[in-house]
Amino acid sequence: MTATYDELHEAWKREFHNPELQPLRPGLFKDLSSYIKRLRESQKNLDAKSLKAIVLEEEMLRLEQLLTQFLDRRLEKLWLQTGLVQSTSLEYTEKLTHQAISGILRDYDKMKQDLLQGQEPSHSKPKNGEFVLIRFVKDVPSIIGVDLKAHGPFHKEDVAKLPQENSDSLVRRGAAVEITASNRDNE
Numbered sequence: 189m190t191a192t193y194d195e196l197h198e199a200w201k202r203e204f205h206n207p208e209l210q211p212l213r214p215g216l217f218k219d220l221s222s223y224i225k226r227l228r229e230s231q232k233n234l235d236a237k238s239l240k241a242i243v244l245e246e247e248m249l250r251l252e253q254l255l256t257q258f259l260d261r262r263l264e265k266l267w268l269q270t271g272l273v274q275s276t277s278l279e280y281t282e283k284l285t286h287q288a289i290s291g292i293l294r295d296y297d298k299m300k301q302d303l304l305q306g307q308e309p310s311h312s313k314p315k316n317g318e319f320v321l322i323r324f325v326k327d328v329p330s331i332i333g334v335d336l337k338a339h340g341p342f343h344k345e346d347v348a349k350l351p352q353e354n355s356d357s358l359v360r361r362g363a364a365v366e367i368t369a370s371n372r373d374n375e
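189 is the number of the first residue of the sequence shown in this note's numbering; add one for each residue after it.
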């Protein structure tokens with residue numbers, strides 16, 4: 189076990205003994221991903237039946253379990269802080285907000301998987317290529333985008349550039365159509 193493992197264990201204990209999200213040392217996730225990557229590389233070079241390989245495998249399993257519990261606990265706290273409850277009886281705007289939060293949850297799960305694979309977490313903020321131009325075909329109230337910004341309200345025929353996930357959702361629901369290069373040329 190290393191200082192990185194010990195630091196994760198201490199952070200895990202703080203997270204489970206306190207109701208609020210606990211502050212983390214900047215760079216902890218980067219250090220954890222490097223540590224996991226080193227462990228995985230060390231495992232590759234060993235005979236699977238050697239004592240060192242067995243010890244490394246046990247350490248890896250404990251680390252994965254601890255990291256998963258830690259990240260899941262933090263996610264649970266993040267979810268509870270949103271004040272939203274998952275329900276099928278949500279209003280349209282609540283469903284859009286819930287959908288945005290669901291996108292954030294998927295990004296968080298991707299971060300967890302990256303860390304468990306020994307990779308530095310990829311950034312989840314939308315990049316320029318991840319925004320889509322859409323035209324609204326009916327009125328839509330304000331929404332909270334996956335970028336955590338308020339967008340709207342929108343009226344029929346309004347045009348907006350929104351994050352890909354929000355645009356896709358609005359198009360699927362029949363509230364908007366995507367404006368592509370071919371659409372622009374025809375207008």
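Built from N, CA and C at the ideal position, the CB exists for glycine as well. From a predicted model like this one, the values you see are computed outputs, not experimental measurements.
- The three-state reading of DSSP puts residue 343 in coil, since its state is none of H, G, I, E or B.
- Taking 8 angstroms as the cut-off, the Cβ atoms of residue 339 and residue 350 count as close.
- In the structure shown, residue 202 adopts helical secondary structure according to DSSP, grouped into three states.
- Distance from the CA of residue 237 to the CA of residue 250, rounded to the nearest whole angstrom, comes to 19 angstroms.
- A straight-line Cα-Cα distance of about 20 angstroms links residue 257 and residue 244.
- According to the DSSP assignment, residue 224 belongs to the alpha helix (DSSP H) that extends over 216-232.
- Counting along the chain, the unbroken alpha helix (DSSP H) around residue 359 starts and ends at 352-360.
- Here the alpha carbons of residue 201 and residue 265 stand approximately 14 angstroms from one another.
- Under the three-state reduction of DSSP, residue 213 is assigned to coil, being neither helix nor strand.
- Contact between residue 216 and residue 195 holds: their C-beta atoms lie close to 7 angstroms from each other, under 8 angstroms.
- Three or more Cβ pairs closer than 8 angstroms define a contact, and the stretch 318-335 meets that threshold against the stretch 359-367.
- By the C-beta density criterion, residue 354 is buried, having at least 16 other C-beta atoms within 10 angstroms.
- In the three-state reduction of the DSSP assignment, residue 367 falls in the coil class.
- Distance from the CA of residue 206 to the CA of residue 255, rounded to the nearest whole angstrom, comes to 17 angstroms.
- Taking a contact as a CB-CB distance under 8 angstroms, the pair residue 291 and residue 328 does not count as one, their CB atoms being some 17 angstroms apart.
- Using a 10 angstroms sphere on the CB of residue 348, the tally of other CB atoms reaches 16 or more, which defines it as buried.
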